[in-house]
Amino acid sequence: MSKPTVTDDNIRRINEEHKRLLKYLRSRAQIPRIPESEDHDVPSLDNVQGDSYERFVFFRINGAAEFKKALLNFKPTSAQDVKDTLLQICRNKDKVITAAKKKERERLIAEAKDEEQREAAREKVIDWTKLTNVERHDRIPLSQRLIAFSRTGLSVLGQDGNTGDKRFDERRMREDRVYLGDQSAWHQPFSSPNDQPPEADPSKGTAKEITDPDALHGVIVIARDTEESHDATEKDLKATFGTSLTIRQMLDGKVRPQPYKDHEHFGFKDGISQPAINKIEHPLPGQIHVDPGVIVMGYPGDPVPKSQRPLWCKDGTMMVFRKLEQSVLLFEQYCQDNGSRWREFFPGGKDAADRYERPLSNKEGAELFAAQMVGRWKSGAPLALAPIRDDPILADDPKRNNDFDYSVTGVPGVSPNRPSNFYCPFTAHTRKTGPRNLDPYASRKHLASSTIVRAGIPYGEEVKPDERKIWKKDLADIKTAHVSGATDVKNAEDELQKAKVEQAQLVAKVDEAVKEVRRLQELLEQDPKSDPVKAKLEAALKEAGAARVFLEKSNEQVTRAEKAARAARVAHANPSRYPKEEERGLLFVCYASHLDSGFVRQTVEFGNNDFFPGTEFTPAFHGQDPIIGGPPARKSTKEIREVGNISNIPTRFTGMGDTRVQAIPAEDVPFRASHGDQVHFEFKVGDKSLEVSGLAQDPSKDLVPPATLAPGADNPYFVTSRGGEYFFVPSLQALKDLANLPEKAN
């Protein structure tokens, strides 16, 4: 039977009611379209797995036949299920709001003094958001599930056909570590023992090697409304799949407590700038519109031609998982250290800051510095619309908080028709990954084709006062160790031992001197007129006093040596020069129909590219994304400069800031650089020409952190990838077909 058309009076009435109810989701970035489109160029919601998250269960398949039999009993959540849940939440909310509005109207009528006031009370439009008597609506139990497979997992189940996504079909994320800029150690279950990631070479992909004992086969993503319900979910999974799978690891994310709900650990509101999928969702003002195929395979906008997409991929999507560790205390400290410099990065520069009637405090300067690294304030207000101070009211208005494209108007000397960083730096995280408007250098359709749907959730505990206190003390110790050069633990311990030996000797000497004074005092009591005893006592008192002075100095030396030894131990344990923090961060998930067009493009071509966004017809150096960017890995194909021992004076020196400075002959001004300057040396060692780029550091200065750069200009990096994987999320029909695939013949 075909669906009733939207011209049917009953269907139209239901649709209008659904539209009214969904208005209660005013803070949600993606709102389902009512009525659902019957266009064949958009996916049907009841065939697309819903966007769930909370617990990530990474698994390996033990037996394909047994697993496929169990898969038939697994009930994933569809996008239609998500929509129905949202509508039920809105119905419950509507019920309590209607009751509160009725109660408020009855109060106004009862307090009216005459019929005219009573009539006004009957006609008054009551804003429920300002009512204080709205009761909590009944909680809707939440239980959503999604299953996705790695390329290896699909092959284990017998699906060897290509998806049309070359990267997914050939490579695991582990093989793209260097290419993606992941330089730090990965965590289990994403790394393998003694893992040495190869260079990004598509010819060496191992995604279909089903015999690899370290390869993940899939992930089950579960969203529940309470933490306690996870145990029930785990039991349910074990009951469904039994021994057909082995759980390699479970990672739990949880929404942060109030007042940080919906904010990630750095404090920024997350999930604001999601795209609106054409014909599926109601777009909000300024929201980026994307064709369905950008996110879901097999529809207009899919970058893979239909001839290369097998039928079983239709209504599916690619899912990327990444475990991103955040250095929260370092980020906070770095912003605080830069707060007093707000005039340097104020829109229009120092002159404009000096003319500004409401100067910023150092705290406000730190908040501006952070906002310029991210592109939004912690409230979610975009820097493009609130360039100097936060605007929480703007942030909470979904009809305004995305209505911008980084164009700058009304500023003398700044063209509204060209990209400008007058208010928001080109390197700001939200602008790097979602530039919106690069007219005339890049088409908006191309930028929209790079869009991903994000679904991250924080993991780890909140920062506690004791952790913050210890971290700050460790930071001070590390600074002390590096400034003094006392980073060798053995030398520091030897110096401490030497100081303690000297201290013990002086303690013994003071004790002997005190005993001698007491002995002479007793003799003098027996013979008060003895001049020889008086003379000896006077000398003994001087000797005891001198011994005490030396002991006090020795005590101070021991204290300094103890501090130096502790600092050396802390510095040795933290070779990055930053103290370790408790592990916390973001379990990052994104969806798009094609890895290279979405996640990879945003990560490599946008975030890690010093020359993106393009703001001139010739490349202009901007720097990397200060949140997800990172320096090139040593000895990787991305490393464009070679570092060697300097045996000759550099032949020239240039500074690198917003623009490249003309080369200065070394014989005129050799090594002209100050602490914190970004420098670029070119020199020769024998017949070989080498280059060195980086930050000039003076060991006598405060090295941690180098608070001398504008937001986005080679800041320390505060987010570290700890691993991840590429997954394919099949449609519900494809999931059934996968479960019914015949076994391969031996």
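In this text, residue positions in the sequence shown follow the UniProt record's numbering: the first is 1, and each later residue adds one.
Glycine residues also receive a C-beta, built at the ideal position from the N, C-alpha and C atoms.
Tell me the residue span of the beta strand (DSSP E) that contains residue i.
| i | result |
| --- | --- |
| L368 | Per DSSP, L368 belongs to no beta strand (DSSP E); it is in the alpha helix (DSSP H), 362 to 374. |
| Y356 | No beta strand (DSSP E) holds Y356; DSSP gives it neither H nor E. |
| L587 | 585 to 592 |
| L251 | 245 to 252 |
| V57 | 55 to 61 |
| T615 | First-last for T615: undefined, no H or E at that position. |
| A720 | Note on residue identity: the sequence assigns Thr, not Ala, to residue 720. Residues 719 to 729. |
Using only CA atoms, which one of the options lies nearest to residue i?
| i | options | result |
| --- | --- | --- |
| G339 | F346, A276, N362 | N362 |
| K166 | V589, L741, I109, Y726 | Y726 |
| V221 | F58, L329, A547 | F58 |
| residue 768 | A499, M373, L284, W471 | There is no way to answer for residue 768, as the model of the chain reaches only from 1 to 746. |
| H740 | I61, A70, T233 | One point to set straight first is that residue 740 is Asn, not His, in the sequence displayed. Checked all of I61, A70, T233; the closest Cα to N740 is A70. |
| E367 | G380, R389, V517 | R389 |
| K469 | T559, L330, R436 | L330 |
| E605 | E461, E344, P435 | P435 |
| C590 | F74, T317, K563 | T317 |
| P259 | E581, S379, E54 | S379 |
| M373 | A448, T430, T211, A539 | T430 |
| V294 | E616, I247, S597 | S597 |
| R107 | I147, G410, K124, P730 | K124 |
| F369 | F345, A386, K472, R355 | F345 |
| L146 | E115, I247, Y717, E54 | E54 |
| L586 | H282, V719, M173, V408 | V719 |
Please report the distance separating the alpha-carbon of residue i from that of residue j.
| i | j | result |
| --- | --- | --- |
| P440 | P416 | 12 Å |
| T451 | P275 | 7 Å |
| A207 | R177 | 14 Å |
| D81 | F422 | 44 Å |
| N278 | D396 | 24 Å |
| R256 | L216 | 29 Å |
| G456 | K464 | 23 Å |
| V507 | A547 | 8 Å |
| A707 | Q336 | Because A707 sits at a pLDDT of 45, beneath the cut-off of 50, its placement in the model cannot be relied upon, and the following sentence gives the value as read from the coordinates. Roughly 9 Å separates the two Cα atoms. |
| M1 | A79 | Its pLDDT being 42, under 50, M1 is placed unreliably in this model, and the value from its coordinates should be taken loosely. In a straight line, the C-alpha of M1 is about 21 Å away from that of A79. |
| P579 | S184 | 16 Å |
| G267 | R122 | 43 Å |
| E332 | E516 | 58 Å |
| R584 | K101 | 42 Å |
| A568 | A561 | 10 Å |
| G164 | S443 | 25 Å |
| P292 | S307 | 18 Å |
| A239 | D737 | 22 Å |
| K453 | K261 | Reading off the sequence, residue 453 comes out as Val, not Lys. For V453 and K261, the distance between alpha carbons rounds to 20 Å. |
| L154 | D160 | 7 Å |
Can you list, in chain order, the residues of its chain with a C-beta nearer than 8 Å to that of residue i? Leave out the 5 residues immediately preceding and following it.
| i | result |
| --- | --- |
| E502 | S554, Q557 |
| T603 | L180, G181, I628 |
| A64 | V156, L157, G158, E743 |
| P359 | A353 |
| K399 | L284, P285 |
| L520 | V533, K536, L537, A540 |
| A504 | none |
| V510 | A544, A547, R548, L551 |
Identify, in the order they occur along the chain, each residue of the same chain with its Cβ nearer than 7 Å to the Cβ of residue i, setting aside the five sequence neighbours on each side.
| i | result |
| --- | --- |
| L524 | S530, V533, K534, L537 |
| A371 | W377, L383 |
| S143 | R224 |
| G298 | R309, C313, K314, D315 |
| A620 | F611 |
Starting from residue i, trace the alpha helix (DSSP H) both ways and give me its first and last residue.
| i | result |
| --- | --- |
| F67 | 64 to 71 |
| R444 | 444 to 448 |
| P458 | From DSSP, P458 is part of no alpha helix (DSSP H) but of the beta strand (DSSP E) over 457 to 459. |
| I393 | 392 to 395 |
| A223 | Per DSSP, A223 belongs to no alpha helix (DSSP H); it is in the beta strand (DSSP E), 218 to 224. |
| D737 | 732 to 739 |
Report all residues from its chain with a CB closer than 6 Å to the CB of residue i; omit the five preceding and five following residues, and keep chain order.
| i | result |
| --- | --- |
| N162 | D169 |
| H622 | F426, T427 |
| R343 | K350, A353 |
Examine chain D for any beta-carbon lying closer than 8 Å to the beta-carbon of residue i, and answer yes or no.
| i | result |
| --- | --- |
| S361 | The structure shown contains no chain D; it holds only a single protein chain. |
ask   = Whole alpha helix (DSSP H) runs in the segment 96 to 181 with 4 or more residues, listed along the chain?
value = List check, alpha helix (DSSP H) in window: 115 to 123, 151 to 156, 166 to 170, 177 to 180.
message = Quick check for students: name the residue ranges of the alpha helix (DSSP H) that lie wholly in the segment 406 to 434, counting only runs of 4 or more.
response = 429 to 433
key: Segments assigned alpha helix (DSSP H), at least 4 residues, entirely inside the segment 488 to 550   = 489 to 526
Length at least 3, wholly inside the segment 275 to 356: the beta strand (DSSP E) runs in chain order = 317 to 326
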